[in-house]
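In our numbering, the protein residues as written are 73 to 238. Yeah, the Cβ is synthetic: ideal placement off N, Cα and C, and Gly gets one too. Note that the coordinates shown come from a computational prediction; the quantities given were computed from them, not determined experimentally.
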């Protein structure tokens, strides 16, 4: 069976009544957790993405505070944090917040002294976030680009001081 195009689905949804539409949305939200999370964003945070980003920052900070154990365990937890971060940033879909959260993640990475490890994979998580921030910064307005480039440069210089491999 082929998946219909979005335009066809849109035409069908227009013809549905309110009750039918709400039932379909509830069924979709029960099907997958990510759908429920996205619906939560659309219903409660769509008009105020700043609040959603602040809650996401709190969640990421708590995750960093819970890091303990060996480097390998930290690596696994940080990969999970990056997946969570990317999923929630996909909901917001604003490039400025993507850059801001990548820089925030890198700052937490440095604050928790995770760059002093000899585990290359752990440092690569940091580097991928820096590269992501640099690429996304190119797509922003000149003012934002300038501000975020300064922050990225500060992160890189700080990381070079702290790191063994950089």
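Next item on the list: Could you tell me which of 98, 129, 153, 233 sits nearest to residue 115, measuring between CA atoms?
Entry: 98
Note to self: Suppose the cutoff is 7 Å on Cβ atoms and the five residues either side in sequence are ignored; what does the same chain contact list for residue 178 look like?
What the structure shows: 198, 201, 202, 227
Item checked: Reference residue 184, options 133, 152, 173, 109, closest by Cα -> Among 133, 152, 173, 109, the Cα nearest to that of residue 184 is on 133.
Notebook entry, point to check: So, helix, strand or coil for residue 117, using DSSP?
Noted result: If DSSP states are grouped into helix, strand and coil, residue 117 belongs with coil.
Notebook entry, point to check: Between residue 118 and residue 75, what straight-line distance do the alpha-carbon atoms span, to the nearest angstrom?
Noted result: 28 Å
Notebook entry, point to check: Start and end of the alpha helix (DSSP H) containing residue 184?
Noted result: It is not in any alpha helix (DSSP H) - residue 184 carries neither H nor E in the DSSP assignment.
Next item on the list: Look up residue 190 in the DSSP assignment and say whether it is helix, strand or coil.
Entry: DSSP places residue 190 in coil when its eight states are reduced to three.
Next item on the list: Helix, strand or coil for residue 89, going by three-state DSSP, please let me know.
Entry: coil
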